[in-house]
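Colleague:
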Amino acid sequence: MASNPGQISPLRGITRHITGHNDSGRAVIHSSTPGQWDALEEAGMAFNVVYTSQFPADLNNDADIETHETLKQSGKLGLVNPGGTVCRIVDFAPNNQAVMHRTQSLDYGVVLEGQVEMILEDSEPVIMQRGDVAVQRATMHGWRNPSETEWARCLFVLQDCQRLTVAGKEMGEDLGVAAGLVNPSGNDQK
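Under the UniProt record's numbering, think of the first position of the sequence shown as 1, with each following residue one higher.
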């Protein structure tokens, strides 16, 4: 059963290990904490924001850790971190509802458990297996777990990107039916 706060899936809980340096400059574990999950049960998903950072990251005096904690506590983080990155793990319920959306970002999606169907506007859906990677380039897309019985898990790394224009149209963020469920990123307003 789910072992981390807010986790709705029966998949193994996760622990985030942050590294750092001791006073002599040697590598050490800064902290190890259980994942914190935000359930979007209407869509059959749970999000765990592993880490956020500005780009390039400032690691001096643990500035990145403070920036991450401040952003998480603000409650204003959208799917994308303007001027930065987001590392997020998403658990998908069996036969979950695919939420079509577009982020203004370059994303890497890696299937960690199960299978995930990548749905695009004008292509046949692609079933991704464990270890498969999607490079999502600011397209309208959705993710669905096609299994009737097993949960699936993906790791996503989202990077803010410059405004994208295709055929004369700006392709900004579009949260679709997720509007109101997740915060807008605001990175298409720059």
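No residue lacks a Cβ here, since even glycine has one placed at the ideal position from N, Cα and C.
Model, not experiment: these values are computed from the prediction.
Quick one: residues in its chain with C-beta nearer than 6 Å to the C-beta of Thr110, no 5 flanking neighbours on either side, listed in chain order?
Modeller: This sequence places Val at residue 110; Thr is not what is there. If we look at Val110 and ignore the five residues flanking it on each side, its Cβ neighbours are Val133 and Leu155.
Colleague: Which of the three DSSP states is assigned to Thr19 in this structure?
Modeller: strand
Colleague: Here's the rule: buried if 16 or more other CB atoms are within 10 angstroms of the residue's CB, otherwise exposed. What is Ser74?
Modeller: exposed
Colleague: Within 10 Å of its beta-carbon, does Ala138 have 16 or more other beta-carbons around it, so buried, or fewer, so exposed?
Modeller: buried
Colleague: Only counting the same chain, and skipping five residues up and downstream in sequence, which positions put a Cβ closer than 6 Å to that of Asn187?
Modeller: Val80, Pro82, Gln104 and Asp160
Colleague: Specify whether the segment 15-35 and the segment 44-52 touch according to this definition: at least 3 beta carbon pairs, one from each stretch, less than 8 Å apart.
Modeller: yes
Colleague: In three-state DSSP terms, what is Asn61?
Modeller: Assignment of Asn61 by DSSP, reduced to helix, strand and coil, places it in the helix class.
Colleague: I think Val157 touches Val99, with their Cβ atoms under 8 Å apart; what is that distance to the nearest whole Å?
Modeller: With 8 Å as the limit, Val157 and Val99 do not qualify as a contact, their Cβ atoms being about 19 Å apart.
Colleague: Could you pull the DSSP bridge partners for Leu40 from this structure?
Modeller: Met45
Colleague: Quick one: what does DSSP say Ala178 is sitting in, helix, strand or coil?
Modeller: Of the three classes helix, strand and coil, the one that applies to Ala178 here is helix, per DSSP.
Colleague: Determine the burial state of Gly25: buried for a count of at least 16 other Cβ atoms within 10 Å of its Cβ, exposed for fewer.
Modeller: Gly25 comes out exposed.
Colleague: If you reduce the DSSP assignment to three classes, tell me which class Leu71 lands in.
Modeller: helix
Colleague: Quick one: measure Cβ to Cβ for Pro184 and Ser147, integer angstroms, because I've assumed they're closer than 8 Å.
Modeller: With a Cβ gap of about 31 Å, Pro184 and Ser147 do not count as contacting.
Colleague: Taking 8 Å as the limit between beta carbons, can you name the residues of its chain near Gly131, skipping five residues before and five after?
Modeller: Val110 and Val111
Colleague: For Asp160, which of helix, strand or coil comes out of DSSP?
Modeller: strand
Colleague: Based on DSSP bridge pairs, tell me the residues matched to Met128.
Modeller: Val116
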